[in-house]
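Residue numbers (this note's numbering): 16 to 453.
Built from N, CA and C at the ideal position, the CB exists for glycine as well.
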Ligand code: XLS
Ligand code: NI
Ligand code: NI
């Protein structure tokens with residue numbers, strides 16, 4: 016494996032909380048056991064190809080700033096292979112067990128679909144070798160159905176049926192390679208599946224097409240023998256004004272309506288939850304309650320900016336609340352914590368890539384440890400349980416079991432005359448208990 020892109024950085028080690036070395040873990044100790052499982056297995060950390068390898072710090076006001084020695088500007092397959100080597104050197108020095116890609120992050124677009132497929136085949140074969148050399152595994156693959164101009168009206172929800180076919184062909188190919196590379200799952204993020212204005216949009220027809228598309232994907236998955244779950248990644252807006260997969264509840268409703276729920280789980284992203292006006296823990300609860308908590312795209316937004324800034328998740332309240340839900344719903348099976356995050360334009364040096372991932376991994380490790388300690392303490396869960404105790408017997412139990420009618424409720428209320436004994440919700444107390452562990 017190449018050692019040439021990050022010559023100044025060795026394998027990142029766990030040095031403990033006292034360490035002041037920016038290139039060491041202070042809290043992420045892969046072998047440490049928490050609630051009966053190693054941190055490594057709890058987190059299943061993944062590095063993304065798109066931000067980490069392909070991001071250059073450019074924004075709509077300025078050119079790229081980032082030092083990225085593998086971005087030589089050639090844009091051909093040879094360069095794509097060099098980039099794959101840089102990706103695996105980075106990920107293995109970091110000690111992350113997984114990575115994720117879009118098809119077109121890995122290999123360049125060709126002039127025709129056949130040429131694009133050929134480029135992808137060539138580089139994906141190199142990925143297979145690199146995976147075998149390093150032991151790094153694919154958490155999930157996905158198709159980039161939003162960058163090319165043909166997708167300007169959407170992909171599966173385009174007004175143009177030819178475009179739908181290109182999108183289907185791309186997903187078919189991306190699924191084949193996800194399967195061949197031993198991918199754990201496969202993600203659908205609806206890049207431009209949505210609308211800019213309803214004036215030109217037949218929404219019902221577009222949704223029906225999306226349902227058809229997903230059924231074709233399920234059929235092809237069966238044909239391939241791919242066993243991993245499909246994940247849908249909700250996002251409410253950007254690039255379109257309204258994305259159809261707007262939040263966890265909207266995705267679940269879509270999956271139910273089109274009889275797809277058994278084949279899908281959700282891949283929840285923090286910044287997307289925030290754009291939807293929801294907290295990450297809300298989205299995790301919605302998915303978890305439906306048995307559809309699949310995976311996480313770990314990042315965070317900026318409280319004062321209204322777009323997907325994809326910052327590295329360094330907020331300990333966020334990681335603690337997140338890991339509380341992940342533990343509550345039994346942890347990840349096929350999914351993991353995928354850093355769909357990019358360093359700031361100002362953090363342009365090469366070592367910032369390591370520093371940012373270490374910061375995110377340490378924040379999640381602290382979140383995990385805090386969540387486990389809060390669960391062990393038990394005061395918060397005990398409070399919640401006790402808060403609902405009137406449902407455990409008497410009229411409450413009768414209602415829950417389905418045996419009570421409106422008339423029974425009326426009889427009960429008339430007998431009481433008025434409700435007595437309401438108790439405080441104690442939000443501030445619960446927040447201060449959480450703070451004891453941060
Ligand atoms: C964009 C999405 C994207 C998906 C993969 O906002 O987060 O990066 O995770 O297509
Ligand atoms: Ni994402
Ligand atoms: Ni995103």
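* Output the distance between the C-alpha atoms of residue 83 and residue 141, rounded to the nearest integer angstrom. => 20 Å
* Candidates 151, 144, 179 and 147: closest to residue 161 by CA position -> 179
* Contacting residues, own chain, Cβ-Cβ under 6 Å from residue 307 (five flanking each side not counted) -> Within the same chain, 280 and 281 come within 6 Å of residue 307 by CB-CB distance, once the 5 residues on both sides are set aside.
* Is residue 284 near ligand 2, in the sense that its beta carbon is under 6 Å from a heavy atom of that ligand? -> yes
* Asked: Hey, is the stretch 56-69 in contact with the stretch 83-102, meaning 3+ C-beta pairs nearer than 8 Å?
  -> Touching, yes.
* **Among 172, 317 and 406, the one whose alpha carbon lies nearest that of residue 257** => When only C-alpha atoms are compared, the closest one is 172.
* Asked: Secondary structure at residue 375, three-state DSSP: helix, strand or coil?
  -> helix
* Asked: According to the neighbour-count rule (16 or more other Cβ atoms, all chains shown, within 10 Å of its Cβ), is residue 272 buried or exposed?
  -> Answer is exposed; the Cβ neighbour count stays below 16.
* Asked: How is the beta strand (DSSP E) around residue 220 delimited, first residue to last?
  -> It is not in any beta strand (DSSP E) - residue 220 instead sits in the alpha helix (DSSP H) that spans 218-239.
* Going by the beta-carbon positions, is the gap between residue 316 and residue 286 smaller than 7 Å? -> Yes, the Cβ-Cβ distance between residue 316 and residue 286 is below 7 Å.
* What residue range is occupied by the uninterrupted alpha helix (DSSP H) comprising residue 146? -> Run containing residue 146: 128-149, per the alpha helix (DSSP H) assignment.
* Asked: Over what stretch of residues does the alpha helix (DSSP H) that includes residue 334 continue unbroken?
  -> Residues 331-343.
* **Bridge partner(s) assigned by DSSP for residue 173** => DSSP lists no partner for residue 173.
* **Nearest-angstrom beta carbon gap, residue 303 and residue 344 [assumed within contact, 8 Å]** => 4 Å
* Asked: Per DSSP, residue 284 is paired with what?
  -> 312
* Closer than 6 Å: residue 323 CB and nearest ligand 3 heavy atom -> yes
* So residue 153 and residue 103 are in contact, right, with Cβ under 8 Å, and what is the actual spacing, rounded? -> About 12 Å; that fails the 8 Å criterion.
* **Among 196, 356 and 248, the one whose alpha carbon lies nearest that of residue 144** => 196
* To do: Given a cut-off of 7 Å, decide if residue 61 and residue 128 are closer than it, judged by their beta-carbon atoms.
  => The answer is no: Cβ separation not under 7 Å.
* Best match in 349, 209, 32 and 126 for proximity to residue 167 [C-alpha to C-alpha] -> 209
* Asked: What is the DSSP secondary structure of residue 25, counted as helix, strand or coil?
  -> coil
* To do: Please say whether residue 122 and residue 192 have beta carbons closer to each other than 7 Å?
  => No; because the gap between Cβ atoms is not below 7 Å, this pair is not in contact.
* Asked: Can we count residue 1 as close to ligand 1, meaning its CB is less than 6 Å from some heavy atom?
  -> Since the first residue of the chain shown is 16 and the last is 453, residue 1 is not available in this structure.
* Asked: Regarding residue 157 and ligand 1, is the C-beta to nearest heavy atom distance less than 6 Å?
  -> yes
* **Residue from 47, 28, 46 and 364 with nearest C-alpha to residue 40** => 28
* Asked: Expressed to the nearest angstrom, what Euclidean distance is found between the alpha-carbon atoms of residue 348 and residue 404?
  -> Residue 348 and residue 404: Cα-Cα distance of roughly 33 Å.
* To do: Using alpha carbons as the reference points, say which of 226, 230, 383 and 438 lies closest to residue 402.
  => Cα-wise, what sits closest to residue 402 is 438.
* Asked: Taking the runs of the alpha helix (DSSP H) that are 4 residues or longer, which of them lie wholly in the stretch 52-120?
  -> 54-58 and 92-109
* Do residue 150 and residue 198 come within 7 Å of each other at the CB atom, strictly closer than that value? -> Going by C-beta atoms, residue 198 is not nearer than 7 Å to residue 150.
* To do: Report back the beta-carbon spacing between residue 207 and residue 249 to the nearest angstrom; my notes put them in contact at under 8 Å.
  => Actually they are not in contact, since the Cβ atoms of residue 207 and residue 249 sit about 15 Å apart, beyond 8 Å.
* **Distance between residue 313 and residue 117 (C-alpha atoms, nearest Å)** => Straight across, the Cα-Cα distance linking residue 117 with residue 313 is about 17 Å.
* Asked: Taking C-alpha atoms, which residue in 202, 435, 100 and 268 lies nearest to residue 148?
  -> Residue 100 holds the alpha-carbon nearest to the alpha-carbon of residue 148 among 202, 435, 100 and 268.
* To do: Taking residue 328 as the reference, give the member of 396, 371 and 320 with the closest Cα.
  => 371
* Using only the heavy atoms of ligand 1, determine whether one of them is closer than 6 Å to the beta carbon of residue 192. => no
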